[in-house]
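S.K.: Below is the structure I would like to discuss, written out as structure tokens.
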Amino acid sequence: MTPPPPNPRDGRVDLLKGLALAMIFLDHVEDAVGVTLFSRWTLRAFGPSDAAELFVLLTGLVVGRSYASRLVRDGFVQLQRYATLRTLLLYAGYVATAVTLVLLIGNDPVPSESVLAMPGDAPGGVLDAITAIVTLSRAPYLVHILVLYLPLLALSPLLVTLGRKSIPALLALSAAIYAWTLWGQLSGRQLSLLTECRWYFQPTAWQFLYCLGLAGGIVWERRSRFRSGTTTVWTPGPAAAVVAALLLAAGWILRPDRPGALNPVFQMLPRQLNNLVIILSIKQSLGPVRLIHSLAVFTAVCSVVPSAWSLATPRWLSPLAAAGRHSLLVYATGTVLTVLAVRSAALLDYDILGVLFIEIDGLLLLASAAVLRSHISRRRRDTHPAVCTV
């Protein structure tokens with residue numbers, strides 16, 4: 001039997017990943033600077049989840065589809081080799097980005113709650129910080145999401161192999177690990193080193209969202225081999241869209257605060273319900289309220305993005321799609337630009353108009369980097385023709 005050809009990229013996924021990266025950059029800058037401009041319209045303004053959850057889910061979707069196709073075409077050994085190389089590349093990107101942040105921040109005082117902070121800082125200086133980064137002991141908060149992907153990407157061939165045999169088994173295993181982590185968080189027990197708050201994104205919790213994406217990608221790849229087009233899996237029906245809209249409305253009501261102000265509706269709820277919602281919305285351990293809201297966001301977004309964009313993204317949105325295709329480069333560049341944005345805002349005495357221009361300039365630089373990287377990749381493919389995969 002002839003192995004199936006690789007699936008083409010889906011422009012909708014790239015576009016949404018690029019949009020999520022733009023929102024993450026804006027949220028990081030405004031958190032670090034202490035202003036509220038664009039974050040009034042990013043995902044975190046509409047409920048307990050934010051762009052990070054959408055990005056993790058989309059990444060799982062892409063990896064599930066791509067790796068399922070590679071597994072059929074090349075076999076497990078070659079797939080594991082490919083995933084290992086990708087993990088090493090990600091590790092190199094993480095180290096380079098984190099070390100750059102440490103060198104840029106230097107000995108500047110940084111509030112412990114800032115996204116620029118490095119948790120558990122020891123008084124050893126820059127060299128100790130770099131050692132901690134290389135050994136995965138500590139790192140600035142901005143790069144914690146990269147650390148989350150290291151074990152997930154390395155284990156993806158095993159997870160995809162299990163998912164191709166039985167998606168319920170994959171999701172049951174993932175849900176059990178998630179529930180185990182959540183129980184440890186809520187009961188105040190530290191069940192393992194992975195559930196400590198050393199990393200902002202606890203891998204044993206966030207893997208569930210990633211595995212949900214993997215499962216969707218596996219189903220997507222399976223159906224794509226038997227049907228023309230790429231609209232399967234993530235074009236929700238009307239019923240799913242209605243449920244998602246209701247969940248989004250509930251998330252908006254239950255959001256404890258919004259950028260720039262407290263949520264007056266939330267303040268009217270009974271205090272016990274308030275406390276329960278806050279506990280179940282914890283980001284580090286991906287509380288159930290955040291999880292459900294992020295799935296509703298994903299469903300709602302998929303309901304409004306035209307399926308025709310799967311193969312032909314509008315030209316004016318191509319920089320966003322390019323950012324989604326080269327997410328490691330864009331995210332790493334965005335973290336460095338966040339530090340530079342904070343420095344620039346301080347020089348401008350945190351003038352609102354100045355911060356606005358800094359953020360717009362940052363977005364333009366990220367888009368330019370993504371477009372340039374896409375151009376280089378295109379020329380490389382033209383010079384050395386090869387099979388293109390997601």
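The numbering of the sequence shown is my numbering, which starts it at 1 and goes up by one. Virtual Cβ for every residue (Gly too), placed ideally from N, Cα, C.
For Pro-342, collect the residues of the same chain with a Cβ closer than 8 Å to its Cβ; drop the 5 residues on either side in sequence, then sort them by chain order.
M.R.: Within the sequence shown, the letter at position 342 stands for residue 342. Note that residue 342 is Val in the sequence shown, not Pro. Correct list, in chain order: Val-29, Ala-32, Val-33, Leu-116.
S.K.: Taking C-beta to C-beta, are Gly-216 and Ala-68 nearer than 8 Å?
M.R.: As a working mapping, residue 216 is identified with position 216 in the sequence shown. As a working mapping, residue 68 is identified with position 68 in the sequence shown. No, the pair does not count as a contact, with Cβ atoms beyond the cut-off.
S.K.: Pick from Leu-58, Asp-27, Asp-50, Leu-280: whose alpha carbon is nearest that of Gly-11?
M.R.: Locating residue 11 in the sequence shown gives position 11, where the first residue counts as 1. Out of Leu-58, Asp-27, Asp-50, Leu-280, Leu-58 has the C-alpha closest to the C-alpha of Gly-11.
S.K.: I need the DSSP call for Ser-318, collapsed to helix, strand or coil.
M.R.: Locating residue 318 in the sequence shown gives position 318, counting from the first residue. Helix, per DSSP.
S.K.: Leu-248: which of Val-13, Leu-43, Leu-158, Gln-202 sits nearest, CA to CA?
M.R.: Counting from 1 along the sequence shown, the entry for residue 248 is found at position 248. Ranking the options by Cα distance to Leu-248, first place goes to Leu-43.
S.K.: Helix, strand or coil: which one does DSSP assign to Ser-187?
M.R.: Position 187 of the sequence shown, counted from the start, is the residue given in the question as residue 187. The answer is coil: DSSP assigns Ser-187 none of H, G, I, E or B.
S.K.: Return the CA-CA distance between Val-147 and Thr-313, expressed in angstroms with no decimal places.
M.R.: Taking the sequence shown and counting its residues from 1, the one referred to as residue 147 is at position 147. Taking the sequence shown and counting its residues from 1, the one referred to as residue 313 is at position 313. Cα to Cα, the separation comes out at about 31 Å.
S.K.: Taking all protein chains shown into account, decide if Asp-27 is buried (16 or more other Cβ within 10 angstroms of its Cβ) or exposed.
M.R.: The count along the sequence shown starts at 1 and reaches residue 27 at position 27. Buried, by the Cβ-count rule.
S.K.: Can you confirm whether Thr-383, when its beta carbon is compared against all beta carbons of chain B, has any partner nearer than 8 Å?
M.R.: Of the protein chains in this structure there is only one, and it is not chain B.
S.K.: Sort Val-72, Gly-334, Ala-296 by Cα distance to Gly-362 and report the nearest one.
M.R.: If you number the sequence shown from 1, residue 362 lands on position 362. When only C-alpha atoms are compared, the closest one is Gly-334.
S.K.: If we count Cβ pairs, one from each stretch, closer than 8 Å, do we get three or more for the region 172-190 versus the region 278-292?
M.R.: Touching, per the Cβ criterion.
S.K.: Can you say whether Thr-230 is buried or exposed, counting buried as having 16 or more other CB atoms within 10 angstroms of its CB?
M.R.: Working through the sequence shown from its first residue, we reach residue 230 at position 230. For Thr-230, the predicted model reports a pLDDT of 46, less than 50, meaning its position is unreliable and no value from the coordinates is stated.
S.K.: Can you give the beta carbon distance from Ile-133 to Val-72, rounded, assuming they're within the 8 Å contact cut?
M.R.: Position 133 of the sequence shown, counted from the first residue, corresponds to residue 133. Position 72 of the sequence shown, counted from the first residue, corresponds to residue 72. Rounded, the Cβ-Cβ distance is 37 Å, inconsistent with contact.
S.K.: Hey, is the region 47-56 in contact with the region 19-26, meaning 3+ C-beta pairs nearer than 8 Å?
M.R.: Touching, yes, given that three or more Cβ pairs across the two stretches are closer than 8 Å.
S.K.: Please list, in chain order, all residues of the same chain as Arg-378 whose beta carbon is under 8 Å from its beta carbon, the five residues on each side excluded.
M.R.: Translated into positions along the sequence shown, residue 378 becomes position 378. Cβ neighbours of Arg-378 beyond the five flanking positions: none.
S.K.: Taking only the alpha-carbon atoms, compute the straight-line gap between Ala-321 and Leu-16 and give it to the nearest angstrom.
M.R.: What you label residue 321 is simply residue 321 of the sequence shown in a count that begins at 1. What you label residue 16 is simply residue 16 of the sequence shown in a count that begins at 1. Roughly 7 Å separates the two Cα atoms.
S.K.: Is it true that the CB of Leu-101 sits closer than 8 Å to the CB of Val-339?
M.R.: For the purposes of this step, residue 339 is taken as residue 339 along the sequence shown, with counting starting at 1. For the purposes of this step, residue 101 is taken as residue 101 along the sequence shown, with counting starting at 1. Against a cut-off of 8 Å, the Cβ pair of Leu-101 and Val-339 comes out as a contact.
S.K.: Are the CB atoms of Gly-60 and Asp-163 within a distance shorter than 8 Å?
M.R.: If you number the sequence shown from 1, residue 163 lands on position 163. If you number the sequence shown from 1, residue 60 lands on position 60. In the sequence as presented, Asp is not what sits at residue 163; that position holds Gly. In this structure, Gly-60 does not lie closer than 8 Å to Gly-163 by Cβ.
S.K.: So, is Phe-38 buried or exposed, given that buried needs 16 or more other C-beta atoms within 10 angstroms?
M.R.: The residue you call residue 38 lines up with position 38 of the sequence shown. Classification for Phe-38: buried.
S.K.: Rounding to the nearest angstrom, what Cα-Cα distance links Gln-80 and Leu-295 in this structure?
M.R.: Along the sequence shown, one-based indexing puts residue 80 at 80. Along the sequence shown, one-based indexing puts residue 295 at 295. Cα to Cα, Gln-80 sits roughly 29 Å from Leu-295.
S.K.: Applying the criterion that 16 or more other CB atoms from any shown protein chain within 10 Å of the CB defines a buried residue, is Arg-380 buried or exposed?
M.R.: If you number the sequence shown from 1, residue 380 lands on position 380. Flag for Arg-380 reads exposed.
S.K.: By the 10 Å Cβ neighbour count, where 16 or more other Cβ atoms means buried, how is Ala-244 classified, buried or exposed?
M.R.: Looking up residue 244 in the sequence shown gives position 244. Per the 10 Å Cβ criterion, buried.
S.K.: What three-state label does DSSP hand Met-118 in the structure shown?
M.R.: As a first step, residue 118 must be located in the sequence shown, where it is residue number 118. The answer is coil: DSSP assigns Met-118 none of H, G, I, E or B.
S.K.: Taking the C-alpha atoms as reference points, what is the distance between Leu-104 and Leu-337?
M.R.: For this step, residue 104 is matched to residue 104 along the sequence shown. For this step, residue 337 is matched to residue 337 along the sequence shown. Their Cα atoms are separated by approximately 11 Å.
S.K.: Among the candidates Leu-136, Asn-275, Leu-158, Tyr-91, whose CA atom is the shortest distance from the CA of Tyr-200?
M.R.: As a first step, residue 200 is located in the sequence shown; it is residue number 200 there, counting from the start. Residue Leu-136 is the option with its Cα nearest to Tyr-200.
S.K.: According to DSSP, is Lys-17 helix, strand or coil?
M.R.: Against the sequence shown, residue 17 aligns to sequence position 17. Here Lys-17 sits in helix by DSSP.
S.K.: Between the Cα of Val-63 and the Cα atoms of Ile-130, Thr-36, Ser-327, which residue gives the shortest distance?
M.R.: Here residue 63 corresponds to residue number 63 of the sequence shown, with the count starting at 1. Nearest C-alpha to Val-63: Ser-327.
S.K.: If you follow the alpha helix (DSSP H) that Trp-220 is in, where does it begin and where does it stop?
M.R.: Position 220 of the sequence shown holds residue 220. Segment 203-224, the alpha helix (DSSP H) holding Trp-220.
S.K.: What are the start and end residues of each continuous alpha helix (DSSP H) run of 4 or more residues lying completely inside the region 121-145, in chain order?
M.R.: Whole alpha helix (DSSP H) segments, 4+ residues: 126-134.
S.K.: Can you tell which of Gln-185, Leu-209, Thr-97 has the C-alpha that lies nearest to the C-alpha of Leu-173?
M.R.: In the sequence shown, residue 173 corresponds to position 173, counting from 1. The residue with the shortest Cα to Cα distance from Leu-173 is Leu-209.
S.K.: Do Gly-93 and Ala-250 have their CB atoms nearer than 8 Å?
M.R.: Within the sequence shown, residue 93 is the residue found at index 93, counting from 1. Within the sequence shown, residue 250 is the residue found at index 250, counting from 1. For Gly-93 and Ala-250, no; Cβs fall outside 8 Å.
S.K.: Can Ala-98 and Pro-48 be called in contact, C-beta distance under 8 Å?
M.R.: If you number the sequence shown from 1, residue 98 lands on position 98. If you number the sequence shown from 1, residue 48 lands on position 48. No. Outside cutoff.
S.K.: Using C-beta distances below 8 Å, list every residue in its chain close to Leu-153, excluding the 5 sequence neighbours before and after it, in chain order.
M.R.: By 1-based counting over the sequence shown, the position of residue 153 is 153. Only Val-63, Ala-83, Arg-86, Thr-87, Leu-90 meet the Cβ criterion.
S.K.: Which of the three DSSP states, helix, strand or coil, is assigned to Gly-42?
M.R.: Here residue 42 refers to the residue found at position 42 when the sequence shown is read from its first residue. The residue you asked about is not Gly; residue 42 is Thr in the sequence shown. DSSP places Thr-42 in coil when its eight states are reduced to three.
S.K.: How should Gln-185 be labelled, buried or exposed, when 16 other C-beta atoms within 10 angstroms of its C-beta is the threshold for buried?
M.R.: As a first step, residue 185 must be located in the sequence shown, where it is residue number 185. It is buried - the Cβ of Gln-185 has at least 16 other Cβ atoms within 10 Å.
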